[in-house]
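Reviewing the structure listed below.
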Amino acid sequence: MSMASTSLPGGTWTLGDLTVTRFGYGAMQLAGPWVMGPPADHDGALAVLREAVELGITHIDTADAYGPHVTNLLIREALHPYPASLHIVTKVGANRDQQGGWPPARDPESLRRSVHENLENLGLDVLGLVNLRLGNAEGPQPGSVAEAFETLVELQQQGLIRHLGLSNATPEQVAEAQTIAPIVCVQNMYNLAHRQDDKLIDALADQGIAYVPFFPLGGFSPLQSSVLSTVAARLEAAPMSVALAWLLQRSPNILLIPGTSSTTHLRENIAGAGLSVSNDDLAELDKIGR
Ligand SMILES: NC(=O)c1ccc[n+]([C@@H]2O[C@H](COP(=O)([O-])OP(=O)(O)OC[C@H]3O[C@@H](n4cnc5c(N)ncnc54)[C@H](OP(=O)(O)O)[C@@H]3O)[C@@H](O)[C@H]2O)c1
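All letters in the sequence shown, in the order written, are residues 1 to 290 by UniProt numbering.
Shown next, in the form of structure tokens:
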């Protein structure tokens, strides 16, 4: 972790050879309701992306399945040609169906197609970081990742992908992938109320690998807890701010990708993530997810 090159809370982290701000931006919620179709406010979505970069964020998380294609095309419209400092992290391994579901698409042909669609829609020659999205909407599911991960390694060797990561993965799948090729991050669901990855986070920190919690604010069901409200009131801060500050203080390898379709919330979240939460308050917040 380094504080030198950014004024954003948490400083920076290096994913392989890509330095990113620990405070990033998750672009999923920019698509329409339930991540299907275009946003209600197209210009508003472009404004959020541009503001994120203007405020110094250098890590945007996306996937071509968002919309599908909608979020990547918005990122391209808002920000292309990209500043050299900006790194866009995408994921492959799931499609969308007519009902808005996320059926797995991890066979080699689907993965190759998805990498090419991400390149095309984002307007890139090389994807900086691609996460292989595993499991299903219920969460990580056991099973070998070898065939799918090896397909991404081939695409990496062809120069289409710089770094690899896993998403929605079990610790066993993380270990299995690491026997095949290095990974630079794991992106799983984790927040104040969902602490199932505590051990994994610490193990990844020991290896210098980033952990990127998705749904840091609770996702489609915003975090609600009387303990969180009490601590937030004591700090005269919004509960969302405390949730983000807690994550940054939880471990130096945690990178934030909170989502928002509002420039006001974006600015609130950046300011809030910099809150200093005392050890006593941290101990109280710890009770939420235990
Ligand atoms: N790997 C995976 O399988 C996976 C799954 C899900 C998500 N993700 C990634 O994780 C990122 C984050 O997830 P997420 O956006 O779904 O969930 P989130 O960051 O936990 O929460 C986003 C929700 O919180 C609201 N919000 C944000 N700031 C707020 C504030 N200051 N006050 C009140 N409400 C606030 C947003 O509404 P407003 O728009 O009104 O601000 C939005 O509805 C996504 O963008 C995506 O890139 C990955």
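Heads up, the beta-carbon is just placed ideally off N, CA and C, and yes, glycines get one too.
Of the heavy atoms belonging to ligand 1, at least one sits nearer than 7 Å to the Cβ of Met28. In the DSSP assignment, Val20 falls within the beta strand (DSSP E) that extends over Leu18 to Thr21. In the DSSP annotation of this structure, the continuous segment of the beta strand (DSSP E) that includes His87 starts and ends at His87 to Val92.
Secondary structure note for Leu79: it is in no beta strand (DSSP E), and the uninterrupted alpha helix (DSSP H) holding it is Val70 to Leu79. The DSSP assignment places no complete run of the beta strand (DSSP E) inside the stretch 196–242 (cut-off: 3 residues). Here the alpha carbon of Gln196 sits roughly 33 Å from the alpha carbon of Leu119.
A distance below 8 Å separates the beta carbons of Ala65 and Asn95. With a cutoff of 7 Å, His87 does not count as near ligand 1, since its C-beta is closer than that to no heavy atom of the ligand.
Taken from the Cβ of Met240, at least one heavy atom of ligand 1 lies inside 7 Å.
When rounded, the separation of the alpha-carbon atoms in Gly274 and Gly159 is 37 Å.
Taken atom to atom, the span from the alpha-carbon of Thr230 to that of Asn253 is near 27 Å. In this structure, the C-beta of Pro39 stays at least 7 Å away from each heavy atom of ligand 1. A direct Cα-Cα distance of roughly 15 Å separates Trp246 from Arg290.
The DSSP-derived three-state label of Asn118 is helix. Excluding the 5 residues flanking it on each side, Arg76 has same chain C-beta neighbours closer than 6 Å at Leu122 and Gly123, in chain order. Restricting attention to alpha helix (DSSP H) runs no shorter than 4 residues, the stretch 119–188 encloses them at 146–157 and 171–180, ordered along the chain. In this structure, Gly56 keeps its C-beta atom at 8 Å or more from the C-beta atom of Gly37. For Glu172, the closest of Thr151, Val145 and Val184 by C-alpha to C-alpha distance is Val145. Take Phe215, set aside five residues on each side of it, and the residues of its chain with a beta-carbon closer than 7 Å to its own are Met189 and Asn191, in chain order.
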